[in-house]
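**Student:** For the sequence shown, position 257 matches number 287 in our numbering, and the numbering has no gaps at all.
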Amino acid sequence: MQRKPLLFLLASCMFLLFACAPAPASSADLPRTLTPMSAAIQETVTARALEASSGDDNLATAVSNATQQAEWIYATQTVRASLNEPSRLATATAIAPVVAEMPLYGIDPGDGYVAWIHDPVTLELVGYQQADNASDYPAVTAADFVVVSDITWNTFNSIAGCGFLFRSDGDAVRPTQYTILMERIASGQITFTASVKGELSNYHKRYPKNEDPSFDWANDATNRLALVVRGNLIDIYTNGIYIGQVDITREPPPRSSEAESEAISELSADQQSRLEHQAEEEEENVDRVSAELNEASQNFVKNQPFFYDGFLAFLAVSDTGRATCTFENAWLFILAD
């Protein structure tokens with residue numbers, strides 16, 4: 031995929047135009063919507079049950095019950111799941127790590143379906159004000175979902191980010207979309223932005239180190255970023271730890287506010303010290319941050335940036351120099367309506 035220049039607003043990333051996915055199946059169609067993925071899982075588990083039956087009837091019974099449960103789960107999937115290269119998800123082994131990880135985010139595997147498990151992707155940026163994105167599943171749209179990836183970064187300067195764009199309209203010039211980026215600045219921060227027709231229209235920040243002591247902002251470090259997106263709310267996790275929530279209906283906060291001061295006063299001394307260090311590191315970028323906050327606040331009222339479906343992809347953004355973002359062990363789980 032070609033790298034794409036942009037005016038350095040985090041929400042102004044370039045994105046390809048994609049076709050929409052078909053509508054979900056009706057409940058009357060569910061008995062006929064078992065995907066090839068479901069059938070393969072049933073085949074695999076049934077075979078194991080037959081192998082086990084000669085030596086352990088109890089094990090065979092347990093596996094048979096698991097087969098019925100898997101069949102029920104995938105019978106409630108939408109037709110879209112069958113479009114996402116089901117052969118790559120053809121065995122219970124393939125989705126086992128996904129199912130095992132879901133409890134970290136409060137997700138029941140019966141609440142939706144695995145839309146894709148992604149091959150590793152590396153985005154490399156060189157030059158001034160660059161951005162790039164990628165997805166092997168460009169036709170997949172998502173409204174409510176869980177998306178997770180290990181992200182390894184290496185940047186020449188800290189004003190660079192790796193993450194996701196989502197609920198995008200796919201416009202390549204003036205996108206309407208959300209982005210969440212992990213950045214190395216301030217010992218690590220996570221920035222949420224909304225853009226409407228290319229205009230920055232919302233802006234929120236969270237500091238993972240305050241909740242997740244394992245978060246590593248150093249070059250060549252790997253952190254696991256997870257988003258649970260439902261309606262107006264976006265829950266953010268790093269390395270399996272909940273670090274905060276963004277409400278898309280809340281306007282950007284002022285750079286300093288009474289509410290923020292009260293929140294800081296409730297933190298431990300160590301947490302307050304980290305926040306002070308973060309503030310010092312951000313001073314060199316205060317003009318940029320203030321300008322983005324001001325623009326986002328003005329456009330929030332004008333544009334009302336609330337949208338609830340769209341495309342999604344891995345995303346890399348860099349102000350200058352070079353940046354490399356590698357995404358591995360990534361998966362997307364679509365939450366049922």
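Backbone N, C-alpha and C define an ideal beta-carbon position, used for all residues, glycine too.
Just so we're clear, the structure is a prediction, and the values are computed from it rather than from any experiment.
1) What is the DSSP secondary structure of A190, counted as helix, strand or coil?
2) Any Cβ of chain D within less than 8 Å of the Cβ of D141?
3) Which residue comes first and which comes last in the beta strand (DSSP E) that contains M212?
4) Can you name the start and end residues of the beta strand (DSSP E) that G274 belongs to?
5) Nearest by alpha-carbon distance to F194: which of R352, V156 and R254 is it?
6) For the beta strand (DSSP E) that contains W146, what are its first and last residues?
7) On the three-state DSSP scale, how would you describe K227?
8) For my contact list, V170 and Y135 are in at a C-beta cut-off of 8 Å; report their separation, rounded to the angstrom.
9) Using 8 Å as the threshold, is the region 235-245 in touch with the region 212-227, meaning 3 or more CB pairs across them?
10) Over what stretch of residues does the beta strand (DSSP E) that includes Y267 continue unbroken?
11) Going by beta-carbon coordinates alone, are I210 and I266 separated by less than 8 Å?
12) Considering just the uninterrupted stretch of the beta strand (DSSP E) at I364, what are its terminal residues?
13) If you draw a straight line from the alpha carbon of Q207 to that of F336, how long is it in whole angstroms?
14) Give me the Cα-Cα distance between Y272 and E241, rounded to the nearest whole angstrom.
15) Give every residue of the same chain whose Cβ lies closer than 7 Å to the Cβ of S327, excluding the five residues on either side of it in the sequence, and list them in chain order.
16) In the DSSP assignment, what residue or residues form a beta bridge with S198?
17) Which of the three DSSP states is assigned to Y167 in this structure?
**Tutor:** According to the data block:
1) The residue you call residue 190 lines up with position 160 of the sequence shown. Strand at A190.
2) Considering every chain present, this structure includes no chain D. It has just one protein chain.
3) Taking the first residue of the sequence shown as 1, we reach residue 212 at position 182. Start and end: Q207 to E213.
4) Within the sequence shown, residue 274 is the residue found at index 244, counting from 1. For G274, the uninterrupted beta strand (DSSP E) segment begins and ends at I271 to D277.
5) By one-based count along the sequence shown, residue 194 stands at place 164. Ranking the options by Cα distance to F194, first place goes to R254.
6) Residue 146 sits at position 116 when you count from the first residue of the sequence shown. From DSSP, the beta strand (DSSP E) with W146 extends over G142 to H148.
7) Indexing the sequence shown from 1 puts residue 227 at position 197. Correct three-state label for K227: coil.
8) Translated into the one-based positions of the sequence shown, residue 170 becomes position 140. Translated into the one-based positions of the sequence shown, residue 135 becomes position 105. The Cβ separation is near 19 Å, so there is no contact.
9) As far as the Cβ criterion goes, the region 235-245 touches the region 212-227, which means the pair count is three or higher.
10) Here residue 267 is taken as the residue at index 237 of the sequence shown, counted from 1. For Y267, the enclosing beta strand (DSSP E) has its first and last residue at L263 to T268.
11) Here residue 210 refers to the residue found at position 180 when the sequence shown is read from its first residue. Here residue 266 refers to the residue found at position 236 when the sequence shown is read from its first residue. Contact annotation: I210 and I266 have beta-carbon atoms nearer than 8 Å.
12) Taking the sequence shown and counting its residues from 1, the one referred to as residue 364 is at position 334. That run of the beta strand (DSSP E) goes R352 to L365.
13) Counted from its first residue, the sequence shown places residue 207 at position 177. Counted from its first residue, the sequence shown places residue 336 at position 306. Straight-line measurement puts the Cα of F336 at about 9 Å from the Cα of Q207.
14) Here the question's residue 272 lines up with position 242 in the sequence shown. Here the question's residue 241 lines up with position 211 in the sequence shown. One alpha carbon belongs to Y272, the other to E241, and they sit about 7 Å apart.
15) Within the sequence shown, residue 327 is the residue found at index 297, counting from 1. Once the five neighbours on either side are set aside, the close Cβ partners of S327 are E281 and P282.
16) Residue mapping note: residue 198 aligns to position 168 of the sequence shown, counting from 1. Paired residue(s): F341.
17) In the sequence shown, the residue the question calls residue 167 occupies position 137. Residue state, collapsed to three classes: coil.
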